[in-house]
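Note sheet for the following structure.
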Amino acid sequence: MHIKAVLAIFAVLCLSLVSGQDRIQRDCNELERKCRECVGQLNNREDRNLPTLNRECQQKTIRTWHWRDIGRCELTKIDCLGWESRLDCGDIARLAGMRRRN
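Numbering (full-length UniProt numbering), first residue to last: 1 to 102.
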């Protein structure tokens, strides 16, 4: 009898976690979409393309990641997805789906 209650509670918790993760993904995608709508109004190209961040992260991750340049809106989404920790260049590369070096 108690095992059924424990299993039921466990199932509810698992479903809640999955639902919460989907919600975070949707919210972060929406944040990126809204960013893209207004980023064109930034007159400074460096504000949109983040060349300093891209250059520094490419140098820091040269042995571990195939770095590709990311823009302001993609970084905003990555920051949203990585809300639980401070993001370093390796975390950004992982969340952006960049390829690892062998």
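Don't be surprised by glycine CBs; every beta carbon is placed ideally from N, CA and C.
Have a look at residue i and residue j and give me their C-alpha separation to the nearest angstrom.
| i | j | result |
| --- | --- | --- |
| N102 | N54 | 21 angstroms |
| A93 | L75 | 10 angstroms |
| R99 | D91 | 12 angstroms |
| V39 | H2 | 55 angstroms |
| T61 | C80 | 21 angstroms |
| Q41 | W83 | 26 angstroms |
| E46 | E30 | 23 angstroms |
| K34 | R63 | 34 angstroms |
| I24 | C89 | 21 angstroms |
Excluding the 5 residues flanking residue i on each side, which residues of the same chain have their C-beta closer than 6 angstroms to its C-beta?
| i | result |
| --- | --- |
| D69 | N54 |
Kindly list the residues whose CB is nearer than 8 angstroms to the CB of residue i, restricted to its own chain and excluding five residues on each side of it in sequence; keep chain order.
| i | result |
| --- | --- |
| N44 | none |
| N49 | D69, G71, R72 |
| residue 104 | Residue 104 lies beyond the residue range present for the chain, which begins at 1 and ends at 102; the question has no answer from this structure. |
For a test of the three-state rule: what should DSSP assign to residue i, helix, strand or coil?
| i | result |
| --- | --- |
| R72 | helix |
| R48 | helix |
| R36 | helix |
| S99 | The question names Ser, but residue 99 in the sequence shown is Arg. Correct three-state label for R99: strand. |
Cutting at 7 angstroms between CB atoms, please list the residues of its own chain near residue i, excluding the five before and the five after it.
| i | result |
| --- | --- |
| L96 | First, the amino acid is wrong: residue 96 is Ala here, not Leu. Taken in chain order, the residues that qualify are I70, E74, I78. |
| H66 | M98, R99, R101 |
| P51 | none |
| Q58 | W67 |
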